[in-house]
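In case it helps, this note's numbering puts the sequence shown at residues 737 to 1726. All C-beta atoms, glycine included, are put in the ideal place defined by N, C-alpha and C. Data first, discussion second: the structure below is written as structure tokens.
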Amino acid sequence: MISAREFCKSCYLPQRFIKRCAFADNAFFLIAQGRWLVMLNARSMELLASFQVFPCDNIHGVSISGGLFCCFGNRSFRAGIIVRRQDCFTLRLLPKIHRTSDWILRARILPNGSILLVTMHNFLIEFDLRTSDCTERLCEMRCVSYSGRIYGNSKKDLCVISGTAKGCVLIWLPYEENVKVAHVLRVHRGAVFDVAFCVRRRLLCSTSDDRSCSVWKMQLQDMSGESKLPTVVDWRQANFVSLFVLYGHSARVWRAEFSILGLVSTGEDGLVILWSDQGDIIWAKHVSRTSLRALYVNDEASYVLVGADSGSIIRLPLWPMVTTYKFDLKYSKDRSPESIVHVHLLSSKPLSFLYASNFGNVFIHDVSGDRLIISDNNLRLFVSCKSVSDGLVAFGGLNGAFYLLYNGKLSDCSYATAATKKIFSLHLVDSKNKFLVCAENGRMLLLDCSSKKSVVLCCPELLLPVGRQRWTSAAILVPLNGSKEKLIVGDRNGSVHFYALENGLNFPEQTYSHLHGGHGVTDFCLVGGLLCSIGRNSLLCLWKEEPNTGTFKLLSKEKLWKGLDWPDRFVFCKQGLQLAGFHGDKFLTYDFQLQDAVFEICCGGGHRSYDVKLSEQNTSGSFVCLSHGHLSFTYWRNGVHILAQGAHCRRINDVCFLRSSFDKNVLIATCSDDNAIMLWRIDNRLTLLQRLLGHVSAVLCLHGERDFILSAGGRAELLVWHCRAGRFCLANRIKDSSDYRFTSLDCQRLSSMNARWLVVAARSDAVIFAYHMVISHDGVTKLNLAFQFPSVSYVFDAKLVSLGEAAMVYAIVCSDGSLYAKNIAIEALETVSRCWDLKCDIQSHALTTLCPVFYDICDSLGGLSFAIGTESGEVYLMKLFDVDRQIKRLEPSFASSVTAVKCTSDGLLVAISAEDRLHIWQCRPDIPCCYGKLLIATLLDVSDPLSLCVAVIDSRLDVIVCGFGMQYIRLELNNLLCSRCFEAMCLPRR
């Protein structure tokens, strides 16, 4: 077993509970990470300490009473005490772990020091900590329960409420004679996953997999002591009346808790709903794309904590987060048709905004009321733009009307645009208050408004190429090397144009036609030396300046999240770059790192005239828009905070290491059934860098090389991701018309001189495809089918091994219990035979996993060895082309299927199995003292482990295991190996 001093780890495991413990001014949260109980600071959520509670069972919950606590999981429970040391607290576990014969649903510590446990088959177990005496009480109704809670502190008021697998709620009294059932409430059509009781309001709630919550009222004859716990007599004599059944979740409802505002419920759909006492939804917030099984409600601080299956912990406020009110133009009776046509938000606190009417009147609304700025008939058509830095507002309209508004003072600058008949659009192009005016027939004027009172024409008039909808929709001025500048313009046709201002030409030097679809480019921005453009087709394009020519090259095109119908503008905040836009009837802000919406409000859909202002910390914001002829202002507190970042929403299928030119730290990539790929940095813990979305089905296989990733999965998809300027982008995709999935993927370089690679992938229909991949110096990736050949049976795993510059070996393990191998001549890929060069029968069971064993440079067939994992739990070592074909079986075997084996370059073999166990062997025959010896065997915190990756870094063995969650383990080799092995593997040779 791995002790706490031998490794440090970072886990992304499903959250099952969140418990708060407070003493005076000190407070901390307790959560579980597998078998470990973790203390988190209540304010910063930083890790304070972690304790291994059980050797085998995962922790499912904890009960706290005073200075005592009790952890339970599966069929085990363990008590402990909370110890105060100066100004902080720590946990001290009692040495003995107690076992029960039934699955534990809930624990409760009584004031007298006894521990009560309610189990799946409706047993109540009373355990005395002082004497270790144990008493069992069995409910008279025998059934299977999925949930249970214990209420009361003594025999006079103790009651157990259980939710059964058949949709009933049992209220039973364990200290009555024959353990009577007081009430059976039948309401659900599926299993009951949680029950909750509110003492103050006498309300009972149950949640179920029929997507509903049921609320009952407990009616007593004597209602005088409503704030006290009901006695046994009260429970027996009470009448439970069904108030309502609540429907609002689209999947199973896992948890429910009462608060001062009503009832909070969480479900499998990632939704948190606050219900009123009348059964109405006060607010509903989608905070995760996976199940929310952990729930904690703090009425005093008015917030809710939820824990997701991805491992994330999210905080939400209890109070309503959005305040909205309507504003109408106060027009006179003789001018009743006057209405608002445009709006700009000047400040949110205090509220101030500029708006214009269809009669050419421009107003400012603030705390003092409405103030008319100007009345100009040419402003009936009103276009405007606002400076982000200092509040300068420029606006114009018909017949060359153009004005600047700064600090409430208006300047008429129509002389600069007098030659125009109609201003179609107006854009702020840099931080120095330069504006681009687009007029009729694609005419563009670049104006310098840095003085805020007057306008200077920066360059001769520019023209858009001839086409329909000939006006601009976005623009930016980019500084180049030296004192040069380049103007980039996006038009309503979705085209991007590049203008070199110093050459005096009025037409673009570069044009990318219809790049962003037929509805237009919406915004540009500069981030980290890259130019980003976005359009109505939800396509994010990255551009980079070529230093030699000064032109811009299109690096990548990336499709954004499908839940963003109308991406409109980039928004900068402390968390990074975000995108504001619309989806359906909602306005939302989208985070590029999380690849998801971080906040959304219902506003009625896309608006031609709107404005948004976010706070520096992105904790609040203001949104103003025109809707149905009214001006709607919304202020929100973005109380949704991700306190702990999670991993994938569903099972993780594969993990691999990456070598990168842009990051010196160790990087890994993971893929999952949620169709996503995540990039992580290992720096004493796992830190999420980027999420890649491109697959239409589950991603099953990964392979990482220097600055590129290969991914394959369902729907016969094979994708290539290439790193450009520190960001991985989709470079190529292969997909055929079949509905098969790829089961294995590997890649090797064909030549050390040029970027030519051989990619081999096995499909679930027992067909193997080999692709010739070429990556040019500018990152363009081409994939061509080199050859394909059939397999004998289903391929579980495959490896492509390079033997120098001339040959490769491709080996597979199959469901028929055999290993097959094929020699591949690099210079004659087109002549590869369809027959296998070697077949080796290992056993009758299926072979599940395979990896080459390297402890020296292998350039011949004679030195090629493989480790093979089987469905029956054995791990074998075998020299592939040995004449005797001796197969060494490593001991001990696993009790279930081996899911992955990996070997380091130093000969350390790591294997995991479906029973959540990890073994490490030494596999170097040149160090005979420990050859084939088991170095360590331990139980993993990850359930259903499927994949792993290993590496030796600075005399430490890093192991990342993935399944339903992710676990990072770091082992010191001097503690793992004997002195002779450590000297041979880690110390430099003399």
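Grab the span of the beta strand (DSSP E) containing residue i for me, first residue to last.
i, result
"S995", "989-995"
"C949", "948-955"
"E1441", "1435-1441"
"S1554", "1554-1561"
"L827", "824-829"
"L1626", "1623-1626"
"N1520", "1517-1526"
"N1468", "1463-1471"
"N762", "762-769"
"V1391", "1388-1394"
"R756", "755-759"
On the three-state DSSP scale, how would you describe residue i?
i, result
"T1567", "helix"
"I1050", "strand"
"V1165", "coil"
"S837", "coil"
"S689", "Residue numbering for the chain in the displayed model covers 737 to 1726; residue 689 lies beyond these limits and cannot be assessed."
"N889", "coil"
"E1176", "helix"
"G884", "strand"
"C1717", "helix"
"G1003", "strand"
"R873", "strand"
"Y1151", "helix"
"C1339", "coil"
"N1711", "helix"
"N1239", "helix"
"K1069", "The pLDDT assigned to K1069 is 46, lower than 50, so where the model puts this residue is not dependable; a value taken from the coordinates is nonetheless given after this. If DSSP states are grouped into helix, strand and coil, K1069 belongs with the helices."
"L1115", "helix"
Which word fits residue i, buried or exposed, when buried means at least 16 other C-beta atoms lie within 10 angstroms of its C-beta?
i, result
"I1224", "buried"
"L999", "buried"
"H1366", "exposed"
"H1163", "buried"
"A740", "For A740, the pLDDT reaches just 33, beneath the cut-off of 50, and the residue's location in the model is therefore unreliable, although a value from the coordinates is still provided. Exposed, since its Cβ has fewer than 16 Cβ neighbours within 10 Å."
"Y1151", "exposed"
"S1209", "buried"
"Y983", "exposed"
"Q1014", "exposed"
"F733", "Lying before the first or after the last residue shown, residue 733 is absent from the chain, which here runs from 737 to 1726."
"R1726", "In this predicted model, R1726 has a pLDDT of only 45, less than 50, meaning its place in the structure is not dependable; the value taken from the coordinates is given anyway. The residue is exposed, with fewer than 16 neighbouring Cβ atoms inside 10 Å."
"R1222", "The residue you asked about is not Arg; residue 1222 is Lys in the sequence shown. Answer is buried; the Cβ neighbour count reaches 16."
"V1124", "exposed"
Looking at residue i: is its Cβ nearer than 7 Å to the Cβ of residue j?
i, j, result
"T1585", "G1605", "yes"
"S883", "N858", "no"
"R756", "F765", "yes"
"L1670", "C1659", "no"
"W1572", "Y1546", "no"
"V1432", "C1407", "no"
"I1110", "L1146", "yes"
"I1050", "V1023", "yes"
"V1728", "V928", "Because the chain spans 737 through 1726 in this model, residue 1728 falls outside it and cannot be assessed."
"L846", "I886", "no"
"C1277", "K1293", "yes"
"L1429", "A1412", "yes"
"R844", "S799", "yes"
"C1666", "C1717", "yes"
"C1639", "V1589", "yes"
Quick one: give me the first and last residue of the alpha helix (DSSP H) that residue i is part of.
i, result
"N777", "Note, N777: premise wrong, no alpha helix (DSSP H); beta strand (DSSP E) at 772-777."
"Q1579", "Premise fails: Q1579 is in no alpha helix (DSSP H) and is neither H nor E."
"D970", "968-973"
So residue i and residue j are in contact, right, with Cβ under 8 Å, and what is the actual spacing, rounded?
i, j, result
"K916", "C879", "The Cβ separation is near 15 Å, so there is no contact."
"F1523", "V1568", "5 Å"
"L1482", "V1496", "The question names Leu, yet the displayed sequence has Asp at residue 1482. Correct: roughly 6 Å between the Cβ atoms."
"A1491", "I1511", "4 Å"
"R811", "I833", "11 Å between Cβ atoms; not a contact."
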